[in-house]
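Student: In this note's numbering, the protein residues as written are 329 to 440. We put the beta carbon where it would ideally sit given N, CA and C, even for glycine. My questions all concern the structure below.
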Amino acid sequence: MFSTDSYSTIRGVDKLIPVDVYLPGCPPKSEAIIDAITKLRKKISREIYEDRIRSQQGNRCFTTNHKFHIGRTTNTGNYDQGLLYQPPSTSKIAPEAFFKYKKSVSSSELVN
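Right under this line is the structure:
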């Protein structure tokens with residue numbers, strides 16, 4: 329009737345996946361849910377505290393003192409103006425060219 333690999337028949341769910349807190353009941357009562365959340369929060373705060381203590385005990389090999397040298401800048405502020413993109417101004421377009429193009433395009437082409 330049931331598979332022998334099912335957690336509900338042979339072994340507990342903790343044999344298949346890691347479990348931090350067991351929540352009894354099907355469906356669990358609201359008090360059990362609140363209790364489980366409280367236990368999880370305590371466990372997490374303990375782990376954070378232990379990690380903080382562990383990191384303060386020994387030498388941390390991942391930190392280093394950086395030696396920054398402050399020197400004069402080599403920037404002169406003169407840029408090659410040919411490298412900077414300057415879009416053409418719309419005022420340079422002749423009105424005749426604009427209206428000529430506008431008449432050649434139908435309104436359905438503009439929408440689609």
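#1: Below 8 Å CB to CB, which residues in the same chain sit around residue 360 once its five sequence neighbours on both sides are set aside?
#2: Does residue 363 come out as helix, strand or coil in the three-state DSSP assignment?
#3: What would DSSP say about residue 351, mapped onto helix, strand or coil?
#4: Quick check on residue 368: does DSSP put it in helix, strand or coil?
#5: Please say whether residue 367 and residue 341 have beta carbons closer to each other than 9 Å?
#6: Measuring only from the beta carbon, is residue 346 closer than 8 Å to any heavy atom that is part of the ligand MN?
#7: Between the C-alpha atoms of residue 363 and residue 370, what's the straight-line distance to the nearest angstrom?
Tutor: On the basis of the data shown:
#1: Position 32 of the sequence shown, counting from 1, holds the residue named residue 360. Answer for residue 360: 351, 352, 353, listed in chain order.
#2: For the purposes of this step, residue 363 is identified with residue 35 of the sequence shown, where counting begins at 1. In this structure, residue 363 counts as helix in the three-state DSSP scheme.
#3: Position 23 of the sequence shown, counted from the first residue, corresponds to residue 351. Correct three-state label for residue 351: coil.
#4: By one-based count along the sequence shown, residue 368 stands at place 40. Looking at residue 368 - three-state DSSP - the assignment turns out to be helix.
#5: Here the question's residue 341 lines up with position 13 in the sequence shown. Here the question's residue 367 lines up with position 39 in the sequence shown. For residue 341 and residue 367, no; Cβs fall outside 9 Å.
#6: With respect to the ligand MN, the structure offers nothing, as it holds no ligand at all.
#7: Against the sequence shown, residue 363 aligns to sequence position 35. Against the sequence shown, residue 370 aligns to sequence position 42. Looking at the two C-alpha atoms, the distance is approximately 11 Å.
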